[in-house]
Amino acid sequence: MTKRKNDWTEKKIEKYIKEGRGEGEFNNYKPWLTIQNISSTGNSSRLKGWKTNRRHELLSDLERNYFFIMEWIEDIIDIREQFPLNREATYNIAKEKGIRHKKIGKF
102 MTKRKNDWTE KKIEKYIKEG RGEGEFNNYK PWLTIQNISS TGNSSRLKGW KTNRRHELLS
162 DLERNYFFIM EWIEDIIDIR EQFPLNREAT YNIAKEKGIR HKKIGKF
């Protein structure tokens, strides 16, 4: 397996935003990360969801198992894996808790 660089830059983040990653609902949702973006020694899965009618990018056995649980819970109507968190919010939480946050550009 080829190692992929995990270097995050503002340019890369802007590219992902322009591609619509982390946006949409149901079968129009595009995950922020895909299996191809991550170098992993573990198991990853691409599974079609019957609730969303789209392929899900699951990066571990734990994510896959949780995905199966969510598929069977009737109250859950949409599943959005690899959803990006707001960088400013995570930066502020880390600062408040005294935890070092990786800085890219402003955050």
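Plus 101 on top of the position in the sequence shown (first one is 1) and you've got the working numbering.
We put the CB at the ideal spot given by N, CA and C, even for glycine.
- Contact check between the stretch 160-168 and the stretch 110-119: fewer than three CB pairs, one atom from each, fall below 8 Å, which does not count as touching.
- With 16 or more other CB atoms across the displayed protein chains lying within 10 angstroms of its CB, residue 153 is buried.
- Of all alpha-carbon atoms in 168, 171, 178 and 122, the one lying nearest the alpha-carbon of residue 134 is that of 122.
- For residue 197, no beta strand (DSSP E) run applies; the uninterrupted alpha helix (DSSP H) run containing it begins and ends at 188-198, by DSSP.
- Taking 8 Å as the cut-off, the beta carbon of residue 159 is found closer than this to the beta carbon of residue 145.
- Contact annotation, residue 156 with residue 130: C-beta distance approximately 11 Å; criterion of less than 8 Å not satisfied.
- For residue 159, there is no enclosing alpha helix (DSSP H); the residue is found in the beta strand (DSSP E) stretching over 156-159.
- Per DSSP, residue 204 lies in no beta strand (DSSP E) and is assigned neither H nor E.
- If you draw a straight line from the Cα of residue 120 to the Cα of residue 178, it is about 24 Å long.
- Ranked by Cα distance from residue 149, the first of 199, 182, 200 and 191 is 182.
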